[in-house]
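What follows is a set of notes on a single structure, which appears directly below.
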């Protein structure tokens, strides 16, 4: 093992003795929050579908539904890690319910997220959620054309894409992994993928296109943006790593306490990667122990600062530890490798880069 890094299991072994025993048990009480979001969502949909409300009222209700969709996704994520209920059948049923608005099935999510992303986080080739390297980009002429656009235009398009990126990536992951399921289980994976699409698209024939836009389309875009607002900060400022070290490859963001309550502590992402199998209810305690033991290694910043840093840096990796703008020939640091979120300063390509075959566009 690279001495510079430690696995998530190594950190967990150091922190576990300091955690209360109840932290390692399911917390079914989290479902009360999920029930509240379900009731809010159904009430909002009925209000739009039944009553002839003004445009502004429909817009406000649509926003509330969208934020509820996102929070349901956060709870679905927690459920499918087994931290709310332990029975597999109930876990998958509840996961399907709470991921339904995001058009993602529970078996796909566990295969893609639990079994692959968590095991190979920020591995250049094995993590399905990591961004491409300069070498990969050079093999994709169509994408290279996009990277010829001005940096500010690319940053705008990247942030605009957050409104649909989760659904797009989830669909891509379905077609990537469905063939890896055993034939006898593949049918269930297909059903879990198709049913949400059929239900949500079919709803338009019952409520009409205008109401459907407010009941589903706008909320779905809002939910994508909120979920991806977190997901885009989780790892995209961090380097590739040879060892799955959560303190090196993961960022926790800070948000107001009331948002943490509404979002089931989803902001505690480093903590989640060390202990994916304990309830997020206990992540503040995990954070305390991490900061007590490895304060210089822990990456944390306000959500607003993380999003600004994402806006100001490119999403192409160079040499694993840096980010490169191939059009301008500028190289940016990553967290732990020279990136200062408060004063982002790129460097120009140098002779060493040229020897490695990298040149300014």
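In the working numbering, the protein residues as written are 1184 to 1544.
Idealized CB from N, CA, C, for every residue including glycine.
Predicted model only: the values in this text are computed from it and were never measured.
Measure the CB-CB distance between residue i and residue j and report whether it falls below 8 Å.
{"i": "residue 1126", "j": "residue 1253", "result": "Shown here, the chain extends from 1184 to 1544; a query on residue 1126 therefore has no answer."}
{"i": "residue 1295", "j": "residue 1311", "result": "yes"}
{"i": "residue 1456", "j": "residue 1188", "result": "no"}
{"i": "residue 1447", "j": "residue 1258", "result": "yes"}
{"i": "residue 1532", "j": "residue 1512", "result": "yes"}
{"i": "residue 1356", "j": "residue 1291", "result": "yes"}
{"i": "residue 1411", "j": "residue 1345", "result": "yes"}
{"i": "residue 1483", "j": "residue 1466", "result": "no"}
{"i": "residue 1214", "j": "residue 1267", "result": "yes"}
{"i": "residue 1506", "j": "residue 1496", "result": "yes"}
{"i": "residue 1413", "j": "residue 1449", "result": "yes"}
{"i": "residue 1304", "j": "residue 1476", "result": "no"}
{"i": "residue 1500", "j": "residue 1316", "result": "yes"}
{"i": "residue 1227", "j": "residue 1247", "result": "yes"}
{"i": "residue 1326", "j": "residue 1320", "result": "yes"}
{"i": "residue 1416", "j": "residue 1434", "result": "yes"}
{"i": "residue 1529", "j": "residue 1514", "result": "yes"}
Thinking just about the alpha-carbon of each residue, which of the options is nearest to the one in residue i?
{"i": "residue 1393", "options": "1237, 1321 and 1226", "result": "1237"}
{"i": "residue 1133", "options": "1390, 1283, 1257 and 1207", "result": "Outside the displayed span of the chain (1184 to 1544) sits residue 1133, for which this structure offers no information."}
{"i": "residue 1250", "options": "1532, 1407 and 1435", "result": "1407"}
{"i": "residue 1432", "options": "1476, 1360, 1480 and 1418", "result": "1418"}
{"i": "residue 1490", "options": "1436, 1464 and 1467", "result": "1436"}
{"i": "residue 1198", "options": "1473, 1382, 1320 and 1274", "result": "1473"}
{"i": "residue 1262", "options": "1204, 1297, 1337 and 1233", "result": "1297"}
{"i": "residue 1439", "options": "1430, 1451 and 1428", "result": "1451"}
{"i": "residue 1377", "options": "1361, 1388, 1366 and 1367", "result": "1361"}
{"i": "residue 1382", "options": "1281, 1493, 1286 and 1218", "result": "1286"}
{"i": "residue 1337", "options": "1205, 1233, 1494 and 1209", "result": "1494"}
{"i": "residue 1314", "options": "1200, 1352 and 1529", "result": "1352"}
{"i": "residue 1203", "options": "1442, 1469, 1409 and 1332", "result": "1469"}
{"i": "residue 1379", "options": "1364, 1368 and 1278", "result": "1278"}
{"i": "residue 1301", "options": "1321, 1325, 1260 and 1319", "result": "1260"}
{"i": "residue 1347", "options": "1373, 1409, 1525 and 1195", "result": "1409"}
So for residue i, helix, strand or coil by DSSP?
{"i": "residue 1523", "result": "coil"}
{"i": "residue 1435", "result": "strand"}
{"i": "residue 1507", "result": "strand"}
{"i": "residue 1465", "result": "helix"}
{"i": "residue 1516", "result": "strand"}
{"i": "residue 1501", "result": "strand"}
{"i": "residue 1419", "result": "coil"}
{"i": "residue 1355", "result": "helix"}
{"i": "residue 1531", "result": "strand"}
{"i": "residue 1200", "result": "helix"}
{"i": "residue 1265", "result": "coil"}
{"i": "residue 1543", "result": "Confidence is the limiting factor: at residue 1543 the pLDDT is only 49, short of 50, which leaves the residue's position unreliable, though a coordinate-based value still follows. In the structure shown, residue 1543 sits in coil (DSSP, three-state: anything other than H, G, I, E or B)."}
{"i": "residue 1207", "result": "helix"}
{"i": "residue 1477", "result": "coil"}
{"i": "residue 1296", "result": "helix"}
{"i": "residue 1304", "result": "coil"}
{"i": "residue 1287", "result": "coil"}
{"i": "residue 1187", "result": "coil"}
{"i": "residue 1403", "result": "helix"}
{"i": "residue 1232", "result": "helix"}
{"i": "residue 1426", "result": "coil"}
{"i": "residue 1326", "result": "helix"}
{"i": "residue 1310", "result": "coil"}
{"i": "residue 1331", "result": "coil"}
{"i": "residue 1460", "result": "coil"}
Going by DSSP, which residues form a beta bridge with residue i?
{"i": "residue 1484", "result": "1436"}
{"i": "residue 1194", "result": "BP columns for residue 1194 are empty, so no partner."}
{"i": "residue 1316", "result": "1500"}
Since residue i contacts residue j with CB under 8 Å, what's their CB separation in whole angstroms?
{"i": "residue 1420", "j": "residue 1517", "result": "6 Å"}
{"i": "residue 1330", "j": "residue 1509", "result": "5 Å"}
{"i": "residue 1386", "j": "residue 1395", "result": "6 Å"}
{"i": "residue 1341", "j": "residue 1498", "result": "7 Å"}
{"i": "residue 1265", "j": "residue 1274", "result": "6 Å"}
{"i": "residue 1241", "j": "residue 1339", "result": "Incorrect: roughly 28 Å between the Cβ atoms, too far for contact."}
{"i": "residue 1271", "j": "residue 1461", "result": "Not quite, the Cβ-Cβ distance comes to about 18 Å (not below 8 Å), so this is no contact."}
{"i": "residue 1217", "j": "residue 1281", "result": "6 Å"}
{"i": "residue 1269", "j": "residue 1200", "result": "Not really, about 23 Å apart at Cβ, beyond 8 Å."}
{"i": "residue 1442", "j": "residue 1492", "result": "Not confirmed; about 19 Å, so no contact."}
Does the distance between the C-beta of residue i and the nearest non-hydrogen atom of the ligand ADP fall short of 7 Å?
{"i": "residue 1388", "result": "This structure simply doesn't include the ligand ADP, nor any ligand for that matter."}
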